[in-house]
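Trainee:
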Amino acid sequence: MNRSDNATILVLEDEPAIARLICTSLNEYGFRCDHVSTGQRLLALARQAAPDLCIVDLGLPDMDGMQVVRELQEGSPCAVLILTGRNDVTDRVLGLELGADDYIVKPFEPRELVARVRSILRRYQRAAPAEESGGAANLARFADWIFDKGRHALVAPDGNEIGLSSAEAALLLTLLRRPNKILSREQLLGERDVDPFDRSIDVRISRLRRKLGDDPQNPRLIKTVYGAGYLFATPVSWE
């Protein structure tokens with residue numbers, strides 16, 4: 003059993019049959035699931051005890067699912083998988099822009115759901131041993147910026163702190179740990195197979211560039227290596 007199989011997951015889904023399918027599928031692989039049917043209830047539980055991952059349905063009775071994702075990232079940052087019946091690329095891209103890690107469209111194959119959950123959790127939990135082996139090195143300095151991995155805090159050269167979602171912080175940490183090395187989209191997404199039309203990592207890179215003030219037309223920090231992936235093109239020092 004993987005470490006991720008002991009993860010705690012909050013499932014936000016207002017259709018009982020779908021909620022049962024999700025929880026039954028995940029329980030079979032050792033995940034612990036709590037089901038809620040309203041956005042307000044999920045946000046309240048996340049504030050009490052941060053889950054490892056939230057599965058968020060976009061069509062909810064009390065509030066818009068996008069707002070739930072936004073409030074999770076602002077108040078209780080955690081990994082997020084969007085579950086949606088909206089077969090609209092715009093909605094999916096917006097969810098990723100707000101900090102979600104991945105999305106899956108209804109109707110879905112339970113095994114694919116489990117695979118995507120594992121991929122997201124593996125991406126986050128892989129960083130833990132690396133952080134432990136890094137000793138007291140918590141601060142990364144690069145190009146007059148500072149990233150505090152303990153707080154997921156990004157400090158600009160002028161001293162202002164820039165907010166990062168959990169997904170953005172995990173992506174930046176991956177880039178900072180392997181500067182001046184080309185990382186494929188598969189590596190940045192946790193080594194799962196990437197569909198040629200999957201834009202999730204591209205959206206997240208674009209959002210991270212904006213927060214770093216990196217010109218998307220001529221980026222200095224996160225460079226696109228066409229056909230290969232992305233490269234963090236500046237020295238990084240840890241302390």
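Using the working numbering, you'd call the opening residue of the sequence shown number 3 and step up by one each time. Just so it is clear, CB atoms sit at the ideal spot from N, CA and C, and this is done for glycine as well. Source: prediction; values computed, not measured.
(1) Buried or exposed, going by whether 16 or more other CB atoms sit within 10 Å of the CB of A81?
(2) Got a sec? Which residues, its chain only, sit under 8 Å from W147 by beta carbon, not counting five neighbours each side?
(3) Which of helix, strand or coil does DSSP assign to R113?
(4) Quick check: the Cα distance between P237 and L174, rounded to an integer number of angstroms?
(5) Identify which residue in P218, F33, R143 has its Cα closest to the Cα of G161.
(6) Leaving aside the five residues before and after A102 along the sequence, list all residues of the same chain whose C-beta is less than 6 Å from its C-beta, in chain order.
(7) Taking the alpha carbon of R185 as the point to measure from, which residue in R209, S168, L233, A19 has its own alpha carbon closest?
(8) Taking the alpha-carbon positions, what's the F149 to S239 distance?
(9) Rounded to whole angstroms, what's the CA-CA distance from D64 to C56? Just pull it up for me.
(10) Per DSSP, which residues does I122 bridge with? Please list them.
(11) Does the beta-carbon of F199 have 16 or more other beta-carbons within 10 angstroms, so that it is buried, or is it exposed?
(12) As a quick exercise: from L178, R153, K151, V205, pick the residue whose alpha carbon is nearest that of A145.
(13) Check whether the Cβ atoms of L210 and S202 sit closer than 8 Å, and answer yes or no.
(14) Can you look up K151 in the DSSP assignment and give me helix, strand or coil?
(15) Since D204 sits in a beta bridge, which residues does DSSP pair it with?
(16) Look up T86 in the DSSP assignment and say whether it is helix, strand or coil.
(17) At which residues does the alpha helix (DSSP H) containing D93 begin and terminate?
(18) So V70 is in the alpha helix (DSSP H); what residue range does that whole segment cover?
Mentor: Taking the geometry as given:
(1) buried
(2) L156, V157, A158, P159, L214
(3) helix
(4) 14 Å
(5) R143
(6) V71, V82, I84
(7) Arg is not the amino acid found at residue 185; the sequence shown has Leu there. Closest option to L185, Cα to Cα, is L233.
(8) 10 Å
(9) 17 Å
(10) DSSP output for I122 lists no bridge partner at all.
(11) Because the pLDDT of F199 is 47, which lies under 50, any placement of that residue in the model is unreliable, and the number read from its coordinates should be weighed accordingly. It counts as exposed.
(12) L178
(13) no
(14) coil
(15) DSSP output for D204 lists no bridge partner at all.
(16) strand
(17) 91-99
(18) 67-77
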